[in-house]
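Residue numbers (UniProt numbering), protein chains in the order written: chain A, 1 to 504; chain B, 1 to 257. Even for Gly, the Cβ is constructed at its ideal location relative to N, Cα and C.
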C-alpha cells in the first residue's frame, strides 16, 4: 500500500516536472528563469503533496493541469481552479502575480487553490419577453427553487404565476388587500407564501393557483421579509418565519395555520430575517442590532451590535444552498427521478455539508451607516470584519453561491465585491447612474446581475471584474431582480408594471 | 342722496319697524313659491339665464347635503389601494417622486424631434438693436462709430478667443459673460445650478443667437448629466433645453425653466 502510493506520487510529480520542463525548454533561449519551491494548499489549510519546483513563468492553465493531476477524482471532468499567491490571483502566469512580492527562495511558496464550479453559465443577453399584466408596479419576483416556476407580487394586490416555457401568465391570485410586499417559495417548490402591507400572509398552491388555507393574520404592520425553514431540517416544509415593521418575528405552522412562536425583542421594525442551516434565525432591525434566535423554542441566543444606523439586509453564506434545497443546478439537463422526501432531505443535507466545508456559516449585514459587518453568528459576538467604503446606504447584500465572494449594492450607484471569508475589499463595479436596488448571482458565481433605479440591468463578469453587458429596456425603476437557480433566465420587474425575462 | 337708498336712510334714522323681523321671516318662507313660479313662467333668454343660475345653486345644495351625510356615517374606504407601490426597502424612505420624470423626458424628446417647442413663455417682447447694442466710439478723435458694445448677458463657448481688437465689431464684455444658469424643474420644483452648453435660439433675432446673447425668453441648452437621467435606450441624458425667465442683465444671474 505504502509503496504503491509512493509510486503514484512519483509518477504524478514526474508529469508535473515534464510540464515545467517543457516550459523551460521553450524559453531557455530567452533568459535564465528563476525557479521557486511551491506547494499547493487548499482553502481550509490542507497541504497537497510535497513541494515541487516550478519556474516563475508557468501559466495558470499549467497550474491547473498539475493540480488536477494531484487531485485525481473519480469523475472524469477536470475541475477548473483559480490560484492565489499571497492574496493575489494568478491570472496569466506566476511571475506577474509575484511582481510586487518579495520572494524568499529559501521558504516554500504557498499557492492556494480554489475549485470553481464545473459548469459555466452563459450570460443573459436579450430580453425574450416583456410580460404585462400587472396594473401597478411589480414589487417582488422570485423563481421557484428548481427554476421552473415564476411568481411575482405587485402593488395592485395580486400575485401572478407565469409559465416559463410559453412566457405567458398562468394564474392570477387575488385576495390580498394591499400591496404584496414579499414572496417566498417553499424549498420543495409547491407552495408560495406572499405577504402584504397590512400584515397578512397568504399561501398559494403553485400547481393550481388557489389559496391554501386561511390567511395568516397576526402582524400589526407590514411584513418586510418571509423565509421558510430549510429543507434539510424538515422536508415537509411546515414552518415559515416572517418579520414585520412592528418589531415582531413570527413563526407560523402553515398546515394548521396558526402562529407558533412570536419572537419579540427588537425595539423597532425588523427589516430582514434569515433561517440558518442549523436552525438559528438571524434578524436585522432598525434598532441597529442583529439578533440570533433558536427556532425550536424562540430563545434569544445572541445580539450582534456594532452598526450605527438601521440594518437593512442580511445574507448568509449558505443562502444559495438553502434556497435550492434538493435541486442541483448542474443536473438541469439530465432526466431526474422524483425523490421521496427522505431521499431529498438527505441530498439537501449533503449539499449543505459541502458548503460548510469551505467555512462555517457566515452572516453579512448591510446598513444605512454605509458599512457592512461580517459575523460568525454561531460562535462569536464580535464581528470578523467591518467593510467600509460605500458612500451611501447599502441596500442589498448577497453571498455568491460558492460563498467565496460578497457583493453589496448601494445607493451610491456602485457595487462592491468583498472576499467571503475575511471581508477584505476586492473591487468596485461602477456603471449605474442611479441607486442600485437589487443584485443576483449566477449559479457558478462568475456573473452578477444588478437592477437599479435608472431602469437598466447590468451583468458583471467577476473574472475580469468589469461590466459584461448592459440590459436597458425597462421604462422605469427596476425594483426586483432574480436569477433562476438553474441560471437559465433572469427576471426583472419594476415600476413600469412589466415583467421582463432575459435569456442567453 | 342716490335714488335707491331711501330704505336704508329711513332705517338709519328711525330704526326698524316693529314687525320687520317677522315679515322678513315670512317673506323668506314664501320664496320657494316665487322661485317655482319664475321657473315655470320665464321663457326665452331670461328663462335660460334663470335655469343656469338655478342649476348651479342646486349643485351646491347637493354637495353640502352629501358632506353632512358623510360626517354621520364613518366607514373605512374599502378597496382603496393607494398609488405609488414600493418595495419594503423603500417604504420608510422619503423619495422624490420621479414618476413623471421619465415620461416627461420621453415626451420632450418626441417633441424635439417633431420640431415643436413647448415653451413656458410663448410670447416674449422682441429686443430692438438700440436696446441690445450701444455704440462704441473709437478712433483718435472718437469719431468712428462702427463698433458695438453688447449690453445684455451673453454666453461664449469654452474655447472662445476674441478677434483682434482692431477688427472686432461686437464687443462682449467679460463681466457680462455667464457660464452657469439656475434651472428649475417645473414638476419637481427643485432648482439646480447647471453649466450652459450653448444658446439654441434667441427669439428676437438670429443674429443674437449667433452672438450668444441671452435675454428673457432665450432658449439655452444646459448640461444635466449631474442629475443622472437615463433614456429608455439606456443612454445617459446629458443635455436639455431651458428657457430663460428673467432679465439677466438686471439680476446678475440666469434663471430658467
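Straight-line CA distance for residue i to residue j?
| i | j | result |
| --- | --- | --- |
| residue 82 of chain A | residue 71 of chain A | 14 Å |
| residue 205 of chain A | residue 301 of chain A | 35 Å |
| residue 87 of chain A | residue 45 of chain A | 14 Å |
| residue 257 of chain B | residue 125 of chain B | 18 Å |
| residue 122 of chain A | residue 488 of chain A | 8 Å |
| residue 25 of chain A | residue 41 of chain A | Confidence in residue 25 of chain A is poor, its pLDDT being 46 and thus under 50, which makes the residue's placement unreliable; the coordinate value appears in the next sentence. Cα to Cα, residue 25 of chain A sits roughly 27 Å from residue 41 of chain A. |
| residue 199 of chain A | residue 249 of chain A | 12 Å |
| residue 153 of chain B | residue 245 of chain B | 13 Å |
| residue 295 of chain A | residue 223 of chain A | 19 Å |
| residue 197 of chain A | residue 155 of chain A | 10 Å |
| residue 349 of chain A | residue 312 of chain A | 29 Å |
| residue 38 of chain A | residue 50 of chain A | 9 Å |
| residue 146 of chain B | residue 185 of chain B | 42 Å |
| residue 262 of chain B | residue 65 of chain B | Lying outside 1 to 257, the shown extent of chain B, residue 262 of chain B is not represented and no answer is given. |
| residue 242 of chain A | residue 226 of chain A | 5 Å |
| residue 214 of chain B | residue 174 of chain B | 14 Å |
| residue 23 of chain A | residue 430 of chain A | For residue 23 of chain A, the predicted structure reports a pLDDT of 48, less than 50, and the residue's modelled location is therefore unreliable. A value from the coordinates is still provided. One C-alpha to the other measures close to 39 Å. |
| residue 428 of chain A | residue 133 of chain B | 55 Å |
| residue 483 of chain A | residue 159 of chain A | 19 Å |
| residue 28 of chain A | residue 35 of chain A | Only weak support is given to the placement of residue 28 of chain A: the predicted model assigns it a pLDDT of 45, under 50, and the question is left unresolved by the model. |
If you follow the alpha helix (DSSP H) that residue i is in, where does it begin and where does it stop?
| i | result |
| --- | --- |
| residue 38 of chain B | 20-41 |
| residue 513 of chain A | The question about residue 513 of chain A has no answer, for chain A in this structure spans 1 to 504. |
| residue 69 of chain A | 60-70 |
| residue 158 of chain A | Segment: none, residue 158 of chain A is in no alpha helix (DSSP H) and carries neither H nor E. |
| residue 126 of chain A | No alpha helix (DSSP H) contains residue 126 of chain A, which is instead part of the beta strand (DSSP E) from 126-131. |
| residue 7 of chain B | 6-14 |
| residue 342 of chain A | 341-358 |
| residue 207 of chain B | 206-211 |
| residue 322 of chain A | 319-324 |
| residue 89 of chain B | 88-91 |
| residue 130 of chain B | 129-132 |
I'd like to know if residue i contacts chain A, where contact means its C-beta is closer than 8 Å to some C-beta of that chain.
| i | result |
| --- | --- |
| residue 109 of chain B | no |
What distance in whole Å lies between the Cβ atoms of residue j and residue i, which are believed to be in contact at a cut-off of 8 Å?
| i | j | result |
| --- | --- | --- |
| residue 179 of chain A | residue 157 of chain A | 7 Å |
| residue 361 of chain A | residue 318 of chain A | 5 Å |
| residue 199 of chain B | residue 212 of chain B | 5 Å |
| residue 181 of chain A | residue 87 of chain B | 7 Å |
| residue 401 of chain A | residue 445 of chain A | 5 Å |
| residue 480 of chain A | residue 138 of chain A | 7 Å |
| residue 133 of chain A | residue 173 of chain A | That pair is no contact at about 12 Å. |
| residue 392 of chain A | residue 373 of chain A | With a Cβ gap of about 17 Å, residue 392 of chain A and residue 373 of chain A do not count as contacting. |
Terminal residues of the continuous beta strand (DSSP E) containing residue i?
| i | result |
| --- | --- |
| residue 411 of chain A | Here residue 411 of chain A belongs to no beta strand (DSSP E), and DSSP marks it neither H nor E. |
| residue 242 of chain A | 239-244 |
| residue 113 of chain A | 109-115 |
| residue 397 of chain A | 394-399 |
| residue 96 of chain A | Note, residue 96 of chain A: premise wrong, no beta strand (DSSP E); alpha helix (DSSP H) at 94-97. |
| residue 505 of chain A | Missing from the structure shown is residue 505 of chain A; chain A here goes from 1 to 504 and no further. |
| residue 387 of chain A | 383-387 |
Does the CB of residue i have a neighbour CB from chain B at under 8 Å?
| i | result |
| --- | --- |
| residue 136 of chain A | yes |
| residue 30 of chain A | Any reading at residue 30 of chain A is ruled out, since the residue's pLDDT is 46, under 50, leaving its predicted position unreliable. |
| residue 415 of chain A | no |
| residue 373 of chain A | no |
| residue 123 of chain A | no |
| residue 199 of chain A | no |
| residue 130 of chain A | no |
| residue 157 of chain A | yes |
| residue 346 of chain A | no |
| residue 395 of chain A | yes |
| residue 140 of chain A | yes |
| residue 262 of chain A | no |
| residue 312 of chain A | yes |
| residue 26 of chain A | Annotation note: pLDDT 46 at residue 26 of chain A (below 50); position unreliable, no value reported. |
| residue 400 of chain A | no |
| residue 370 of chain A | no |
| residue 154 of chain A | yes |
What do you reckon, is the C-beta of residue i under 7 Å from a heavy atom of the ligand SAH?
| i | result |
| --- | --- |
| residue 249 of chain A | This structure lacks the ligand SAH, and indeed carries no ligand of any kind. |
Chain-ordered residues of the region 165-189 of chain A with a beta carbon less than 7 Å from chain B | 178, 179, 181, 182
When Cβ atoms are compared, which residues of the region 79-91 of chain B fall closer than 9 Å to chain A?
-> 79, 81, 82, 83, 84, 85, 86, 87, 88, 89, 90, 91
Going along the chain, which residues of the UniProt repeat "WD" (216-254) of chain A sit with their C-beta nearer than 9 Å to a C-beta in chain B?
-> 222, 223, 224, 225, 245
Residues of the region 415-447 of chain A with a CB closer than 8 Å to any CB of chain B: list them in chain order, please.
-> 433, 434, 437
Given a limit of 7 Å on CB to CB distance, which residues of the UniProt domain "NLE" (36-97) of chain A reach chain B?
-> none
Contact set between the UniProt repeat "WD" (471-504) of chain A and chain B, restricted to residues whose Cβ is under 7 Å from the partner = 472, 475, 476, 479, 480
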